[in-house]
Amino acid sequence: MKRFIFLLIVLACPFLMFAADAALAVPAVSAVAVAAPAAASNSGDISWMLISSALVLLMTPGLAFFYGGLVRRKNILGVLMQCFMAMAVISLQWVLFGYSLSFAPGNGFIGGLKYIGLNNVGMEPAPYAPNIPHQLFMIFQMMFAVITPALIIGAFAERMKFSAYIIFSLLWATLVYNPLCHWVWGGGWLQKLGVMDFAGGIVVHISAGFAALVTAIIIGKRRNHTDSPTPHNLPFTVLGAGLLWFGWFGFNAGSSLAANNVAISAFLSTNIAAAAAALTWAVIEWINMGKPTMLGTATGAVAGLATVTPASGFIGIWGAMAIGVSTSIICYLAVGMLKPKFKYDDTLDAFGVHGIGGLWGTLMTGLFASKLINSAGSNGLFFGNPHQFLVQCVGAFAAVGYTVAVTAVLYKLVDVFLGVRVDDKKEVLGLDVSEHNERAYTLIE
Amino acid sequence: MKRFIFLLIVLACPFLMFAADAALAVPAVSAVAVAAPAAASNSGDISWMLISSALVLLMTPGLAFFYGGLVRRKNILGVLMQCFMAMAVISLQWVLFGYSLSFAPGNGFIGGLKYIGLNNVGMEPAPYAPNIPHQLFMIFQMMFAVITPALIIGAFAERMKFSAYIIFSLLWATLVYNPLCHWVWGGGWLQKLGVMDFAGGIVVHISAGFAALVTAIIIGKRRNHTDSPTPHNLPFTVLGAGLLWFGWFGFNAGSSLAANNVAISAFLSTNIAAAAAALTWAVIEWINMGKPTMLGTATGAVAGLATVTPASGFIGIWGAMAIGVSTSIICYLAVGMLKPKFKYDDTLDAFGVHGIGGLWGTLMTGLFASKLINSAGSNGLFFGNPHQFLVQCVGAFAAVGYTVAVTAVLYKLVDVFLGVRVDDKKEVLGLDVSEHNERAYTLIE
Amino acid sequence: MKRFIFLLIVLACPFLMFAADAALAVPAVSAVAVAAPAAASNSGDISWMLISSALVLLMTPGLAFFYGGLVRRKNILGVLMQCFMAMAVISLQWVLFGYSLSFAPGNGFIGGLKYIGLNNVGMEPAPYAPNIPHQLFMIFQMMFAVITPALIIGAFAERMKFSAYIIFSLLWATLVYNPLCHWVWGGGWLQKLGVMDFAGGIVVHISAGFAALVTAIIIGKRRNHTDSPTPHNLPFTVLGAGLLWFGWFGFNAGSSLAANNVAISAFLSTNIAAAAAALTWAVIEWINMGKPTMLGTATGAVAGLATVTPASGFIGIWGAMAIGVSTSIICYLAVGMLKPKFKYDDTLDAFGVHGIGGLWGTLMTGLFASKLINSAGSNGLFFGNPHQFLVQCVGAFAAVGYTVAVTAVLYKLVDVFLGVRVDDKKEVLGLDVSEHNERAYTLIE
Amino acid sequence: MKMIIAIIQPHKLEDVKQELYKANVNLLTVNEVLGHGRQKGITEVYRGVRESGNLLRKIRLEICVNDDFVDATLNAIMTGARTGETGDGKIFILPMEDCLRIRTGEKGKVAVG
Amino acid sequence: MKMIIAIIQPHKLEDVKQELYKANVNLLTVNEVLGHGRQKGITEVYRGVRESGNLLRKIRLEICVNDDFVDATLNAIMTGARTGETGDGKIFILPMEDCLRIRTGEKGKVAVG
Amino acid sequence: MKMIIAIIQPHKLEDVKQELYKANVNLLTVNEVLGHGRQKGITEVYRGVRESGNLLRKIRLEICVNDDFVDATLNAIMTGARTGETGDGKIFILPMEDCLRIRTGEKGKVAVG
Ligand SMILES: Nc1ncnc2c1ncn2[C@@H]1O[C@H](COP(=O)(O)OP(=O)(O)O)[C@@H](O)[C@H]1O
Ligand SMILES: Nc1ncnc2c1ncn2[C@@H]1O[C@H](COP(=O)(O)OP(=O)(O)O)[C@@H](O)[C@H]1O
Ligand SMILES: Nc1ncnc2c1ncn2[C@@H]1O[C@H](COP(=O)(O)OP(=O)(O)O)[C@@H](O)[C@H]1O
């Protein structure tokens, strides 16, 4: 019987969609056709932006493994599932209305509805990147929207209800990510103020990182989390770090939105910062704990990548090195001192790495940015423009404040309606079995 | 002694090859040199097609892990080995004669011998893509030829003899894949009929999927397969799904054979369909089994990717969503109802996902295709052209019929000469040890 | 207290760096700005070189897994850590002085200091590739510098001290890699002699492979290495092989430094040689040991990729096949006969695969190279130019001699100051715990 | 009270479990072990190096029963695990002095079942 | 001398270890097992196929003690492992005849501790 | 009949097996365990958090022998496993009542070997 209903849905579905298609898509499509000349865009830029989009998409599975290797064996599928769901749910949210809220002409705070359902988003030159078609710009940005909520997962891993996660991340994407994206990149007030955020220090890392802090605090500690906090599969974490490093070239160098000199410069900064941060973290551990660890090195690399993100297209190699070295010191302190001191349980250090890193990187952009590297940017304090540093501070802390407030409200809202945390028994059993009916590995065969 | 013979071969080999080289390659090469001006091709398109080719190559290891995680621990190397052998054997088959049979001028049914050993395949503009060199077109197509037989592996996993697998897939590539490729893309009768298959719904997914059904039925059920059908390493399956999603951008957006608007549109459709299908599968499980699973979500994503393949360059976002949603419903039913009902043991649902998905996608292309998206295509039924839907039906079912018949004959042939199935003892022991003398993991150390 | 010092460093660090910045970077940067017109470079070539650089970067994590799966469970993090450290340390070494020593104008033996700290390396056309910006050429070359020392890891895996590894690889990069790179690609004496090395047969594989031989011999055998030499996680090795194959397209086809016909030709040679070598290795095992193994097939693929590297942009498909087939025979003999005969313990066959493969490939380039494929190259012996074969011999053996001598000296040097080998207890315990305070996997939970 | 330890072929676990349930023996503990017995080991080959891995993967069952259940348990295992070829495994019977159910604190016979 | 074998819930291992240390029982051997008991198994679902995995993950402790330590050990395990719900597990007590310390060659009572 | 259970260092397994074969003891069952003994645990560090993993990886051997083989077996294990440092492990000897060979149904002494 139930299956009959399915079959009906099957048959109904394409037709229903077609109704929508007829109603909505055709005008959009014709807009495409009309705008199609687009002689402006060249195949080199398109090629680079297509592969960059694919690289950023790959970062979400990369993150899934980076995180998944660190949790206990009984929770890895829970983490992988949350990351994959971000790929599914946010991709659709973005196409349906997220892109419009972020980038359609609107007020200083939020975008309008002009691009809803990708209406008016065709192959004409993109408003924010006339050298590529609008739809390609939208695709590239979609991958950013996907990974940002996935970053937060690290904070509440091993104890969040899956249903609550979906609703929470949908709301969060709409009410935190989309507005912030509009503020900084979509014509909003921070952009007008002159805030520089090359590839998402504010939009991606501050927002996700501080949301992580808030949720980690409110959801509370894991039960028994002293039992065996040892990562169940560190090679997976290293694999994830490798894929993240690889994908981050699309993230940062792709953010120049063209295969040009700024992309090259961003690519270089990215690699230098990652390398310097990885090495620094290892050295700190060596000094402090007697031996450098693989997990520390991988964490350092990711912290360096996150921190250089807002600065990557604006800085030279010395700025990149300074960012790389300092970020590992800062993040190491955050992970090793802040967390124990304030006793929140940020399972996988989403705040310590992305929140702190994003904040630090955004501020450092205000120090090291140089118009010699990117004439479209501004000079930072070290290049004689203290004003930019101020602007960066305003941008960063406005984002922090907004994120913290709205995330807390959203969390509480979801908690009232659904309950955010799984009950004790499910937590003890592990999310793989209790939330997904599955086991990651067989024990005997 | 034996080693002496090796040494002789070593010394002989380059010289023998050189004979061939002198006899065959030089003319081919000179053709290259002559055609070398090729001012037509631009570096942007070349760049995109090179990386797309690499992306599609990566899909085969991706598939290996997608499949490999699902089998029992004692059989994973068997699966990985079959996938890797497709990379080795079919790459060579393609270069030696497969490409010629598929794309050289011939009759409606099969290509000629003009391109044998890549004769006449140089840097001149490709006949089917004048904007890129012929050799690049051939390379891109090679990666499709590689992954298609690898898809079938899912059907007979855990019980096929390795020697039989090699012979079978070589024959199958030559007698099923190459002709179908010619029919649809190489100037054959289906292409003349006007069948639309953007990136391989018929050529890749219907052919592999229905071959899977046939082999699963003939080879029979696994022994003891109720013992522990639980996937031995689901994270590997998720890793595979992630790599497939990533690589599929090369598969679909690369199939526009240029870094242009159609590529962008195909990229977008691909991502939307994958997202919609992943979400839909999870929702169905949620309704039907109480909880959404990671395996279901990954399966849904792959089903969505497979299904949107033939349509990807012809449809708008609403078509992509309709395809994504409906494919998960259809494939879920195929996997959950058809298989138990007809009691064949399609180990990893190669038919349920690729066969059904490819068929569904090919038909849906006949509904949702629009000239507004791709002026080189035709309109589908929903855009006022019912004829195209008919054509798609003819194409799909002709491919189904041909594949089923020839695959069955080939299977029987191989069975007579080599025996396709391993004996009971080997199956119980697992293919890793019994066919490859190896173990995937150590148990103690 | 200690933490206070950290905080001070934190604050000091950007400022110190800025001093450097002011002193060094600004001129470099202004050089960039001045040279910025660079109308010569086009977005298609830039796009291809950016993604190629990213692909080559991915090869190091790929190698980490290729190697990591082969060691015992207690040593995998040791291997992963060494590979990641190559990414961190050599990236910085390259930017600070490695690139200058390799490519700045100098004498026949070593480059000068003109490019130190990337001074004078801006967006002007690259001296060795005028179609792309200088910095992009430098980035692409950086990834080669990173992976080369990482290749050596295979030789001394499971027993080298981590501190010694870092110092050794830093010295080795500076005193072996940088000079060799200068000899062959940076205007040194071998380049002047006319040696052909398309993507690093001499520079990468001979250097790393023979360094591997030397270190394996001097460091001595593993203790208890007969206990369970079985690879602890073969799927990881296969994953690594898959990522290497994928990344190698960037390595070889990227080495044409443009998205052009030579890149296409190199891409094709790469795939053919990998396929032929994988198949050949499997066939040899089948004949010799009764069954083909997954490890053998993966090893063959990597050997084929390594061997075709120097020839990839100069040869046609028959040359690629000859190289693929012969390399597996040669390397199989090296791994299976040479190693047992001379009783060195090259843990993961870094010499047998890369040393022998690189040597063989460099010689074969002197046979199969053809100006019809790449007019910038020379003809090989089989195309009527025996002189080229001689030149290749000189180049290869000069590199072997230099590498062997300098590597041995460096090893001894490090041994005197730090001790290269871990003590018995640490070796027994495994490097993960004894050198990095970590375990790769949990046993119970 | 006895502790019965059985080493069986991995693929016979399902059959053994079915037989035990038929015999009303529902409580058991299982793990994976490596065994060296009369059965010929498997040869593995890694890069040309032959290795006769003489340890084979087996399943170890631990079943504690009261004395009146011993025979039924042994029969069930024999029926389920037997293929008639070397490698079928062994059953070891150990004396057991006492048993406690953690949840209730029950001791002795009643705790076993 | 006795060998005490306890099957407990995985997440209670830490508590049990703490209780044992308090009772001055410091030597033990642990591994992971699958158990079938009264506790309801977990249902797993793979591509729509329901599978009632009736084997649950448990931890098995093996503790060898001299006779005067038996009660303290049992109490410690009971205290640490008990939640009061099915699945808490069992303790089995087996007689042991002798014990050897490999390092010193000591035998008997002195070797156990 | 005895069941001999030995806990040894992982890297001594090969030596122990060789000694056992020399002593004509060919049948054994092995698995991996974690042990807490006198040996100092290993400190692991994850993101700055020190964790004294007091459980060390060990190998557990289970060897069932007839009474006349007990001494030879113990000697073989002692010879093969001894390094003289803490952590070398222990051997426990348990009484065994009976043994069955599944393949043949043989019982008692003859089934053990
Ligand atoms: N005396 C013993 N002590 C410990 N384990 C044993 C003993 N005899 C057999 N086993 C275990 O039983 C398994 C099967 O034994 P094997 O001799 O191969 O079977 P069969 O008795 O059917 O020929 C072995 O692999 C080993 O794990
Ligand atoms: N008779 C027995 N023989 C072997 N193992 C047993 C036996 N009884 C219980 N166990 C083990 O103890 C575990 C817990 O038993 P269970 O009956 O679920 O708990 P409880 O007794 O608290 O209800 C089981 O999963 C099984 O591993
Ligand atoms: N009384 C015991 N009960 C259970 N296991 C024990 C006992 N004593 C020792 N073991 C096991 O033996 C291993 C080695 O013991 P340890 O005390 O470290 O060695 P040594 O006796 O050589 O100093 C331990 O890790 C533990 O697994």
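Chains as they are written, first to last, in our numbering: chain D, -16 to 428; chain X, -16 to 428; chain G, -16 to 428; chain R, -7 to 105; chain S, -7 to 105; chain V, -7 to 105.
All C-beta atoms in this analysis are idealised placements derived from N, C-alpha and C, irrespective of residue type, glycine included.
Practice task
Please confirm if S/Ala(-2) has its CB atom under 8 angstroms from at least one CB of chain V.
Solution key: By this cut-off, S/Ala(-2) is not an interface position.
Exercise for the section: Please report how far the alpha carbon of X/Val383 lies from the alpha carbon of X/Arg205, in whole angstroms. Expected result: The straight-line gap from Cα to Cα measures roughly 25 angstroms.
Practice task
Answer with buried or exposed for R/Glu77, where buried requires no fewer than 16 other C-beta atoms within 10 angstroms of its C-beta.
Solution key: Classification of R/Glu77: exposed, given that the 10 Å Cβ count is below 16.
Handout entry: Spatially closest choice to X/Gly100 from X/Phe80, X/Gly230 and X/Ala261, by CA coordinates
Key = Restricting attention to X/Phe80, X/Gly230 and X/Ala261, the CA atom closest to the CA of X/Gly100 is found in X/Phe80.
Handout entry: Outcome for G/Ala406 when other beta-carbon atoms lying within 10 angstroms are tallied against a minimum of 16
Key = Correcting the residue type first, residue 406 of chain G is Asp in the shown sequence and not Ala. G/Asp406 comes out exposed.
Exercise for the section: Assign X/Leu214 to one of three DSSP states: helix, strand, or coil. Expected result: Looking at the sequence shown, residue 214 of chain X is not Leu but Pro. Look at X/Pro214 here: in three-state DSSP terms it is coil, with no helix or strand label.
Exercise for the section: Drop a sphere of 10 angstroms on the beta-carbon of S/Glu11, count the other beta-carbons inside from all chains shown, and report buried for 16 or more, exposed for fewer. Expected result: A residue is called buried once 16 or more other Cβ atoms fall within 10 Å of its Cβ, and S/Glu11 is buried on that count.
Problem - Contact set for V/Val30: own chain, Cβ-Cβ below 8 angstroms, skip 5 residues either direction - result: A small fix is needed here, since residue 30 of chain V is Arg in this sequence, not Val. Counting only Cβ-Cβ distances below 8 angstroms, and skipping sequence neighbours, we find Thr78 and Gly79.
Practice task
Closer than 7 angstroms by C-beta to D/Ser295: which residues in its own chain qualify, once you throw out the five before and the five after it? Chain order, please.
Solution key: Excluding residues up to 5 positions away in sequence, Phe181, Ala182, Asn235, Ala249, Ser252 and Thr253 lie with their Cβ nearer than 7 angstroms to the Cβ of D/Ser295 in the same chain.
Problem - Residues in the stretch 49 to 68 of chain S having any Cβ partner in chain R nearer than 8 angstroms - result: Those residues of the stretch 49 to 68 of chain S that come within reach of chain R (Cβ to Cβ, closer than 8 angstroms) are Lys50, Arg52 and Leu66.
Exercise for the section: Indicate the three-state DSSP secondary structure (helix, strand or coil) for S/Lys(-6) in the structure shown. Expected result: DSSP, reduced to helix, strand and coil, places S/Lys(-6) within a strand of the structure shown.
Handout entry: Sequence-distant residues of the same chain with beta carbon closer than 6 angstroms to X/Ala109, five excluded per side
Key = Only Ile115, His117 and Phe120 meet the Cβ criterion.
Practice task
Give the DSSP bridge partners of S/Ser44, in chain order.
Solution key: Note: S/Ser44 sits in a beta bridge opposite S/Thr35.
Exercise for the section: Taking only heavy atoms of ligand 3 into account, decide whether any of them is closer than 7 angstroms to the Cβ of S/Arg52. Expected result: False, no ligand heavy atom lies under 7 angstroms from that Cβ.
Handout entry: DSSP beta-bridge partners of G/Met143
Key = Its beta-bridge partners are G/Arg404.
Problem - Proximity test, Cβ basis, 8 angstroms: X/Ser85 and chain G - result: Any Cβ of chain G closer than 8 angstroms to the Cβ of X/Ser85 would place that residue at the interface, and such an atom is absent.
Exercise for the section: Would you tell me roughly how many angstroms separate the C-alpha atoms of R/Met(-7) and V/Lys82, rounded to the nearest one? Expected result: Cα to Cα, the separation comes out at about 26 angstroms.
Problem - Range of the contiguous alpha helix (DSSP H) that encloses G/His419 - result: Here the alpha helix (DSSP H) through G/His419 covers Leu414 to His419.
Exercise for the section: Grab me the residues of G/Val221's own chain with a C-beta within less than 7 angstroms of its C-beta, minus the 5 sequence neighbours each way, in chain order. Expected result: Contacts found: Met277 and Ala281.
Handout entry: Continuous alpha helix (DSSP H) assignments of at least 4 residues falling wholly in the stretch 312 to 367 of chain X
Key = The stretch 312 to 367 of chain X contains, as complete alpha helix (DSSP H) runs of 4+ residues, the segments 322 to 325 and 339 to 351 (chain order).
Exercise for the section: Let me know the secondary structure DSSP gives G/Val12 once reduced to three states. Expected result: Legend: pLDDT at G/Val12 = 38, less than 50; position of this residue unreliable, no value from coordinates given.
Handout entry: Closest Cα partner of D/Leu177 within the set D/Ala359, D/Leu226, D/Phe400 and D/Gly338
Key = Looking at the sequence provided, one finds Gly at residue 177 of chain D rather than Leu. When only C-alpha atoms are compared, the closest one is D/Ala359.
Problem - S/Lys99 to V/Gly105 span [Cα, whole Å] - result: Distance from the CA of S/Lys99 to the CA of V/Gly105, rounded to the nearest whole angstrom, comes to 26 angstroms.
Handout entry: Which listed residue (D/Ser311, D/Gly335, D/Ile313 and D/Phe67) has its alpha carbon closest to that of D/Lys322
Key = Here the closest residue by C-alpha is D/Gly335.
Exercise for the section: Put G/Gly94 into one of helix, strand or coil per three-state DSSP. Expected result: Correct three-state label for G/Gly94: coil.
Handout entry: CB contact flag (G/Ala224, G/Val129, <8 angstroms)
Key = With contacts defined by Cβ atoms closer than 8 angstroms, G/Ala224 and G/Val129 do not form a contacting pair.
Exercise for the section: Taking only heavy atoms of ligand 3 into account, decide whether any of them is closer than 7 angstroms to the Cβ of X/Val397. Expected result: In this structure, X/Val397 has its CB at a distance of at least 7 angstroms from all heavy atoms of ligand 3.
Practice task
Check the Cβ-Cβ distances between R/Pro87 and every residue of chain D, and say whether any is below 8 angstroms.
Solution key: Not an interface residue.
Practice task
Spell out whether any CB of chain S is found under 8 angstroms from the CB atom of R/Ala73.
Solution key: No, because no Cβ of chain S sits closer than 8 angstroms to the Cβ of R/Ala73.
Handout entry: Interface partners of R/Thr35 on chain X, CB under 8 angstroms
Key = Scanning chain X for C-beta atoms nearer than 8 angstroms to the C-beta of R/Thr35 yields Asn420, reported in chain order.
Handout entry: Close-in-space but distant-in-sequence residues of the same chain around G/Ser85 (CB under 6 angstroms, 5 per side omitted)
Key = Setting aside the 5 residues that flank it on each side, G/Ser85 is surrounded in the same chain by Gly94, Asn161, Cys164, His165 and Gly169, each with a C-beta closer than 6 angstroms to its C-beta; the list follows chain order.
Practice task
Select from X/Ala71, X/Ser311, X/Ala303 and X/Val291 the residue whose C-alpha is nearest the C-alpha of G/Ala259.
Solution key: Minimum Cα-Cα distance from G/Ala259 among the listed residues X/Ala71, X/Ser311, X/Ala303 and X/Val291 corresponds to X/Ala71.
Practice task
Compute every distance between the C-beta of R/Gly109 and the non-hydrogen atoms of ligand 2, then say whether any falls below 7 angstroms.
Solution key: What the structure shows of chain R is the stretch from -7 to 105, and residue 109 of chain R is not part of that stretch, so it cannot be assessed.
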